[in-house]
Structure formats: C-alpha cells, structure tokens
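Asks: Please read through the structure below; I'll follow up with questions.
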Amino acid sequence: MSDSNVAPITIPYSMSGMRLDGALAQLFPQHSRARLKAWLDEGHVLVDGEVRAGKSKLEGGESIVATLPDAKREIEAEAEDIPLDIVFEDEHLLVINKPPGLVVHPGAGNRDGTLLNALLHHAPSLANVARAGIVHRLDKDTSGVMMIAKTPQAQTHLVRQLQSRSAGREYLALVHGEIKKAGTVEGAIGRHGKDRTKMAIVVVGGKPALTHYKPREAFGGPALRGRHYTLVECKLETGRTHQIRVHMASGLRPVVGDKTYGKRGDVMFDRQALHAWRLTLIHPVSGKTMRFVAPLANDMKYLLKALRAERDNVPEVDDFDDDFEEDGIEVIYVRD
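Structure below.
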C-alpha cells in the first residue's frame with residue numbers, strides 16, 4: 001500500500017522555539033497528536049532532510065517533508081450504501097445536507113450506519129484521507145450542511161479555515177423563552193465535573209468558546225398557555241462539542257427537545273431543534289468563496305408551522321432569506 005507525500009512546508013518564524021511535535025499538531029491539524037508522534041518515531045517526517053525527535057526545538061525557516069502512511073490503514077469502518085443528500089461535489093470538496101438521526105463517526109453503540117460508512121461507499125478514495133475527509137461534526141440529532149475534504153491537501157486547507165475562523169457556520173435553533181435582542185455568549189467549554197458524558201461552561205481546563213445569536217421569530221400567547229419560544233440564528237466563532245446547546249442552556253434558554261441540556265420533561269420535540277443552516281468557506285483549490293444554504297429538515301419545519309398556527313395575524317417567516325448575499329460569494333441553495 002503506497003504512502004502519501006506531503007509537499008515541503010517551510011516552518012514559519014513565528015514557530016521559533018516550539019517543539020517539533022507541537023508544530024506538527026498545528027501544521028497537520030486533521031491528525032491526532034498520538035498519530036503524529038507515531039509517524040515521527042517511525043521516521044515519516046523529515047526536517048531539513050533529517051529525522052528529528054518530537055521534543056527537538058525549531059528555529060523557524062526549516063523545511064518539513066512528511067511521507068505519511070496511507071490513511072486507509074487507520075480506517076477500519078466498512079463502506080455502506082447509505083443515501084447522501086449531496087449539495088455540491090467536485091474532485092476536492094463534498095458538501096452534504098445531513099439528516100437528523102445520522103451519526104457522523106462510528107463509536108460505541110454506533111459501529112455502522114454512520115456518515116463515515118456512507119462516505120466510504122460514495123467515494124472509496126476517501127479511505128485514503130484521514131477520518132474519511134470529515135473536518136467537523138454535527139451531533140446525531142442535528143441536521144444541516146457539512147463539508148468533507150476529498151484529498152489530504154483539501155482537508156488541511158479546510159481545517160485551517162475552521163481554526164482561523166475564516167469558514168463561517170450559522171445555525172437555526174428553536175429555544176425556550178423569549179429573546180428580544182441579539183447577544184453573545186462567551187464561556188470556555190469542557191467536560192462536566194460530575195457527568196463526563198456532558199459538556200459545561202467551566203472556569204478551569206475548558207476551551208474558549210464564542211457564540212453570537214439573534215432572534216428571528218417569536219412564538220407565544222394564550223394558545224400556548226403562557227409558554228414562549230424563540231427561533232434564533234446562532235453564529236459560531238469556535239466549534240466546541242455541543243457549543244450552541246451548552247451556551248443557550250447557560251442563559252436559561254435551552255434548545256427545544258434537548259434531552260441532555262434542556263428542560264426536564266420537554267416532550268415537545270423528539271430531538272434538539274437545531275439545524276446547521278449556512279456554511280461559508282473558501283474553496284481549497286480555486287480560492288473562491290462559497291456559501292451553502294440548507295432549508296430546515298421537515299420535522300423542524302412542521303414544528304414551526306404548528307407554532308405559527310397558534311398565532312393570530314402574524315405573517316409567516318421564510319426558512320431563510322436573501323438579505324445576507326455579498327458580492328463575490330457564490331451562494332448554493334439546497335432545495336426541497
């Protein structure tokens with residue numbers, strides 16, 4: 001099985017003084033530190049033509065050449081013929097509209113039937129890309145747009161966009177309560193102190209997280225027996241696990257249907273009412289800025305329709321509008 005060569009990378013002088021293993025983690029963010037360490041130990045990474053220890057310090061200006069083992073060795077999942085809703089595809093990039101209920105990665109309790117299994121069937125060459133090209137995740141019960149890299153080079157490019165925040169991700173969420181004006185939640189997210197299956201805003205040991213939100217539509221009135229709900233648009237500056245769900249719950253406005261962070265006894269919706277609505281990225285090869293817009297999944301669409309039916313003389317709001325379009329951005333809509 002052939003190895004894949006990565007074009008020489010010049011170490012920026014801003015990394016002067018860094019350990020080699022730490023620099024590699026930044027230069028190849030799609031790979032885990034454990035995997036990079038193994039490749040260092042096996043001599044797959046050369047610095048100025050020589051094998052170096054991971055703890056060696058860099059000066060800046062060195063040339064790194066990596067001959068990385070074929071990622072197919074790392075992917076044990078089997079290809080499965082699972083339908084994909086493809087929004088866009090070329091030889092470098094794949095964008096899909098993920099349905100609710102689809103797990104992204106195999107794991108405990110979900111060894112098959114995942115997005116990764118579907119990707120390996122749709123494009124067998126993805127077996128040669130780390131994590132089958134997946135660069136970000138959506139929770140099982142969150143719907144919407146996701147991007148997948150089809151080559152290692154595209155994967156590195158897309159991951160760096162996420163890290164530098166040049167890729168934009170916007171969501172629609174239906175939350176409990178009234179939100180009358182836009183705001184921002186800033187709070188580091190880490191594992192919950194008592195329940196390790198949950199995330200929480202933490203003071204020590206968390207990763208910085210920033211979520212902007214603004215109300216789009218309000219629901220309430222006598223027909224809802226005093227209950228209020230708000231459809232909010234959330235924009236991520238970071239992409240932490242369960243970020244929107246944790247941040248909205250921290251302000252006592254949990255996502256409707258959220259069984260982990262939501263209100264006890266919330267049976268209004270059988271999943272969290274959260275949808276990845278818009279995705280903006282720079283194409284990894286052409287350099288063109290592209291924006292993908294997906295309508296709500298049918299179950300969430302029907303939920304909003306039912307709430308709207310309880311209001312009198314309130315105009316219906318479209319699932320998305322066009323007021324955000326900018327010159328030079330190609331906008332691709334997912335249509336029902």
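Quick note on my numbering: the sequence shown kicks off at 1 and runs consecutively. Every residue, glycine too, gets a C-beta built ideally from N, C-alpha and C.
(1) Could you give the distance in angstroms between the alpha-carbon of Arg160 and the alpha-carbon of Val103?
(2) From the DSSP output, in three-state form, read off His31 for me.
(3) What is the DSSP secondary structure of Gly144, counted as helix, strand or coil?
(4) Between the region 129-138 and the region 83-92, can you find at least three pairs of beta-carbon atoms closer than 8 Å?
(5) Can you give the Cα-Cα distance for Arg227 and Ala123, rounded to whole angstroms?
(6) Quick check on this structure: which residue in Arg35, Pro99, Leu174, Leu281 has the alpha carbon closest to the alpha carbon of Gly220?
(7) From Ala77 to Ala249, what distance separates their C-alpha atoms?
(8) Please report the residue range of the alpha helix (DSSP H) in which Leu307 lies.
(9) Taking the alpha-carbon positions, what's the Pro29 to His136 distance?
(10) Using DSSP with H/G/I as helix, E/B as strand and the rest coil, what is Val175?
(11) Whose C-beta lies closer than 6 Å to the C-beta of Thr280 among residues of the same chain, with five residues either side of it excluded?
(12) Could you pull the start and end residues of the alpha helix (DSSP H) that Arg160 belongs to?
(13) With three or more beta-carbon pairs closer than 8 Å as the criterion, would you say the region 187-198 touches the region 56-64?
(14) What three-state label does DSSP hand Lys263 in the structure shown?
Replies: By the coordinates alone:
(1) Position 160 of the sequence shown, counted from the first residue, corresponds to residue 160. Position 103 of the sequence shown, counted from the first residue, corresponds to residue 103. Approximately 24 Å between the Cα atoms of the pair.
(2) Within the sequence shown, residue 31 is the residue found at index 31, counting from 1. Here His31 sits in coil by DSSP.
(3) To locate residue 144, count along the sequence shown from 1; it is residue 144. Correct three-state label for Gly144: strand.
(4) no
(5) On the sequence shown, residue 227 is found 227 positions in, with the first residue counted as 1. On the sequence shown, residue 123 is found 123 positions in, with the first residue counted as 1. Going from the Cα of Arg227 to the Cα of Ala123 covers about 47 Å.
(6) By 1-based counting over the sequence shown, the position of residue 220 is 220. The residue with the shortest Cα to Cα distance from Gly220 is Leu174.
(7) For the purposes of this step, residue 77 is taken as the residue at position 77 of the sequence shown. For the purposes of this step, residue 249 is taken as the residue at position 249 of the sequence shown. Cα to Cα, the separation comes out at about 35 Å.
(8) As a working mapping, residue 307 is identified with position 307 in the sequence shown. 298-309 is the extent of the alpha helix (DSSP H) around Leu307.
(9) Position 29 of the sequence shown, counting from 1, holds the residue named residue 29. Position 136 of the sequence shown, counting from 1, holds the residue named residue 136. Taking the straight line from one Cα to the other gives about 12 Å.
(10) The sequence position of residue 175 within the sequence shown is 175, counting from 1. If DSSP states are grouped into helix, strand and coil, Val175 belongs with the strands.
(11) Mapped onto the sequence shown, residue 280 falls at position 280. Gly168, Arg291, listed in sequence order.
(12) Taking the sequence shown and counting its residues from 1, the one referred to as residue 160 is at position 160. Its alpha helix (DSSP H) spans residues 152-164.
(13) no
(14) For the purposes of this step, residue 263 is taken as the residue at position 263 of the sequence shown. Of the three classes helix, strand and coil, the one that applies to Lys263 here is coil, per DSSP.
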